[in-house]
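According to the working numbering, the sequence shown is numbered sequentially starting from 93.
I have placed the structure first, in the form of structure tokens, so that the comments after it can refer back to it.
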Amino acid sequence: MATTPQPDSVVRVPELPNGWQAVNYAILQDGLLAILAANVDLVSEWKRDERGGPIGDPYKVAETAEAKIFTVGGNSVDGSSVFPLLTPFPSFDRFPDGRWLVVGGRTRGKPSARIIEKDGSVETPFMLGDGIEHMKIDERGSIWVGWFDEGVYGNDSWRLEGHEWPPSAYGVAAFSERGEILSFAPSPPANGHISDCYALNVIGSDAWTCTYGEFPILRMSDDGKAQWWETQLSGPRALAIQLPYILAVGGYSDDGDTAVLLKLEGNATSELGRWRLPLNVGFPNQVELIDGRGESIFAIQDSTMRRWHIGNFVEAVGHSS
């Protein structure tokens, strides 16, 4: 394999104020890191006994815990107002107007998508379904959701007017801030169905995904337009996009630390290069965060955040970025 381009930045993730523990991370539209933290020790709740069961009760603890979202700038953190945590599996992102969306990955049948106002007040929750793998908000405020297999094949009681199936049955869908469905993924040409959304990136008002089982690249907009490209990928966890190039990171088995540069050509892709990254984002995932936002891949491992820009990989294979 070729020599791996160095990260554009390597920064230490600042410690949170006393009493707060990181629960999840997100890369915002502007490339800033945000940390959703709780005032309880969920890590201890998830520890396993000799039979493999959790020692504590993370769901019960989360129901009464408080949460706060910290945005990181340099070595400082700026915290939002306090709001109820409610879920041990929160995904979150920020609307263009500064409000936050917090979504429970496992709903237990209850609406768990909550808009958090700047003062910490919570708007009426709405449903985005169970089994959420990815959630991002685009520049127009549309909410993009990708589900893993239990969400795609579950959510039997969730219906929206005019739709025979729950939105999660399509694998990827866009919603308004009121929970109205705007568009959903068409069936991929190779196998006829999305079973799992492995990676999701949003640029402008478009979403880019890579889905199980044949791992094609899908570009879709909230007005329903979509295009597929076939690939030879296997289990990527994050995408960076700089047209006509795609950088896919992660994969199964020995490809857990692999970055692959693709070029979109017609309805297919050509592989331009392959590298090893100093981390493992395969199965099991050994990083706290691996995500693609815009033209960059972000990873957090051992409290250190690295960022790789796709342009460096394009230049490494002798193309112009």
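Glycine is no exception: its CB is placed at the ideal position from the N, C-alpha and C atoms.
Q.
Using only the alpha-carbon positions, how far apart do I338 and N110 sit?
A. Straight through space, the alpha carbons of N110 and I338 are spaced by roughly 40 Å.
**Q.** Per-residue DSSP class, three states only, for L134
**A.** helix
Q | Among R200, F187, E209, T163, nearest to F175 - alpha-carbon criterion | A | The shortest C-alpha separation from F175 is found at E209.
Q: Return yes when the Cβ of L325 is within less than 8 Å of the Cβ of D349, no when it is not.
A: no
Q. Is it the case that the Cβ atoms of G342 and L353 are separated by a distance below 8 Å?
A. no
Q. Where does the unbroken beta strand (DSSP E) through P182 begin, and where does it stop?
A. 182-186
Q) How would you call K228, buried or exposed, if buried means at least 16 neighbouring beta carbons within 10 angstroms? A) So K228 ends up on the buried side.
Q: Spell out a yes or no on whether the segment 325-336 and the segment 253-272 are touching, meaning 3 or more CB-CB pairs, one atom from each, closer than 8 Å.
A: no
Q.
Is the beta carbon of E387 closer than 8 Å to that of I309?
A. no
**Q.** Cβ-based burial, P150 [other Cβ within 10 Å; buried from 16]
**A.** buried
(Q) My output table needs one value for D248: the three-state DSSP class, helix, strand or coil. (A) Coil, per DSSP.
Q. Which runs of the beta strand (DSSP E), 3 residues or longer, sit entirely within the segment 206-245?
A. Runs of the beta strand (DSSP E) spanning 3 or more residues and lying entirely within the segment 206-245 occur at 224-229, 235-239, in chain order.
Q | Unbroken beta strand (DSSP E) run spanning T350, endpoints | A | 350-357
**Q.** For N293, the first and last residue of its enclosing beta strand (DSSP E)
**A.** Run containing N293: 288-295, per the beta strand (DSSP E) assignment.
**Q.** Opening and closing residue of the beta strand (DSSP E) in which L323 lies
**A.** Correcting the residue type first, residue 323 is Thr in the shown sequence and not Leu. Premise fails: T323 is in no beta strand (DSSP E) and is neither H nor E.
Q.
If you reduce the DSSP assignment to three classes, tell me which class P99 lands in.
A. In the three-state DSSP reduction, P99 falls in the coil class, being neither helix nor strand.
**Q.** Pick from A351, R311, D347, E253 that is closest to L335, judged by C-alpha positions
**A.** Measuring from the Cα of L335, the nearest candidate turns out to be R311.
Q.
Once the 5 residues before and after N131 are set aside, which same chain residues still bring their CB inside 7 Å of it?
A. G111, W112, A157, E158
Q.
Less than 8 Å between C-beta atoms, sequence neighbours within five positions excluded: which residues of the same chain meet that for H255?
A. I273
Q) So is S183 buried or exposed if we call it buried at 16+ other beta carbons inside 10 Å? A) Counting other Cβ atoms within 10 Å of its Cβ, S183 reaches 16 or more and is therefore classed as buried.
Q) Is DSSP giving A154 helix, strand or coil here? A) helix
Q) With 16 other CB atoms within 10 Å as the buried threshold, where does V294 fall? A) buried
**Q.** Cutoff 7 Å; reference D133; Cβ partners in own chain excluding five residues on either side
**A.** Q113
Q. Using DSSP with H/G/I as helix, E/B as strand and the rest coil, what is E54?
A. The shown model of the chain, from 93 to 413, leaves out residue 54, and the question about it has no answer.
(Q) Just to confirm, is the Cβ distance from L331 to G296 under 8 Å? (A) no
Q: Tell me, to the nearest whole angstrom, how far the beta carbon of C302 is from that of A265; I am working on the premise that it is less than 8 Å.
A: That belief does not hold up - the Cβ atoms of C302 and A265 are roughly 16 Å apart, past 8 Å.
Q: From the DSSP output, in three-state form, read off P146 for me.
A: strand
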